[in-house]
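Q:
Numbering (UniProt numbering), first residue to last: 1 to 313.
Structure below.
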């Protein structure tokens, strides 16, 4: 009797060990399919011979681990790939390590195990090495800027690349506070005495100059708005976005995401701004992809910018 019970437990254990292995392989298959095209829930369920409910569970799982899954206007699901969003193109080092551990523990007897591990090493880990150096460089910037804030010292942002003016030049600044997730620094630009947001990945180097703050009374410690401008974000603008404009908005300005709503044939952004400069630059760069719904003062601002460009041509 004891032998039968032991055999039953062994069989149960073997069966249970297969379940996570099968789920993991199925998850990889769904990722590949969602990256290759647009699919309805029913189409996915038919393809993988399962229920709609199971497909929804897989999609929820992918979203929980930060895969960017979208629906097109025909309610077809897809994973945003490097063609739409370069940040989705590769696994990070941490993601690669986690997946490797799952494969090693849950697929020990599967013939696909070594092939999957090899693909992860070749396609993810090596491609992530340059990004690892970028993270280390930005981490050094954060340390230097944090010290400058604490000691109230000016710093030089060497070879800062402005996406707005497309200029690369040094900026002597007085750092005030970090932006969202330490991806930027709000600092007073001593050249025009205005507080601005500088993205850390656009800085060549941060140099300490051992000079105390000179314009601390001009520091604005209020939070930057969605588009990186400090001030009272009390004016709301409304934009209708194409899929391309929506993807670019959430990639360039992730703080905009909570203010975006999917509609039948477009995406609706309705959010607060400190001034029209940042939002205006974004809209003017995608004039064929965005329709401005309001307010009228924002339309007038954009008209003035367009007319000024025409005059200067």
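Just so you know, even glycine gets a beta-carbon here, dropped at the ideal spot from N, CA and C.
Going by beta carbon distance, what residues of the same chain come within less than 6 Å of residue 260, once the five residues before and after it are set aside?
A: Contacts found: 267 and 269.
Q: Quick one: grab the DSSP three-state call for residue 289.
A: Three-state result, residue 289: coil.
Q: Measuring only the C-alpha atoms, how far is residue 204 from residue 47?
A: Their backbone Cα atoms lie some 49 Å apart in a straight line.
Q: I think residue 208 touches residue 148, with their Cβ atoms under 8 Å apart; what is that distance to the nearest whole Å?
A: About 7 Å separates the two Cβ atoms, so the contact holds.
Q: Under the DSSP definition of a beta bridge, which residues are partnered with residue 197?
A: Answer is 186, bridged to residue 197.
Q: Have a look at residue 184 and residue 309 and give me their C-alpha separation to the nearest angstrom.
A: Each residue's alpha carbon lies about 29 Å from the other.
Q: Under 8 Å by Cβ, that's how I've got residue 34 and residue 78 pegged, so tell me the actual separation to the nearest angstrom.
A: Contact holds; Cβ gap of about 6 Å.
Q: Taking the C-alpha atoms as reference points, what is the distance between residue 174 and residue 189?
A: Their Cα atoms are separated by approximately 7 Å.
Q: Counting only the same chain and skipping the five closest in sequence on each side, list residues whose C-beta sits under 8 Å from that of residue 51.
A: Same-chain partners within the cutoff: 45.
Q: Compute the distance between the beta-carbons of residue 256 and residue 225, then report whether it is under 7 Å.
A: No, these two residues do not count as a Cβ contact at 7 Å.
Q: Run through the segment 226-299 for me and flag every whole beta strand (DSSP E) of 3 or more residues, listed as ranges in chain order.
A: Within the segment 226-299, the complete beta strand (DSSP E) runs of at least 3 residues are 235-241, 260-262, 267-273 and 290-294.
Q: In this structure, does DSSP put residue 33 in helix, strand or coil?
A: DSSP places residue 33 in helix when its eight states are reduced to three.
Q: What does the Cβ neighbour count give for residue 176, buried or exposed, with the cut at 16 atoms within 10 Å?
A: With 16 or more Cβ atoms within 10 Å of its Cβ, residue 176 is classed as buried.
Q: What separation, rounded to the nearest whole angstrom, lies between the Cα atoms of residue 64 and residue 80?
A: When rounded, the distance between both Cα atoms is 15 Å.
Q: Should residue 228 be labelled buried (16 or more other beta-carbon atoms within 10 Å of its own) or exposed?
A: The residue in question, residue 228, is buried, as its Cβ has 16 or more Cβ neighbours within 10 Å.
Q: Going straight from the alpha carbon of residue 157 to that of residue 171, what length do you get?
A: Looking at the two C-alpha atoms, the distance is approximately 5 Å.
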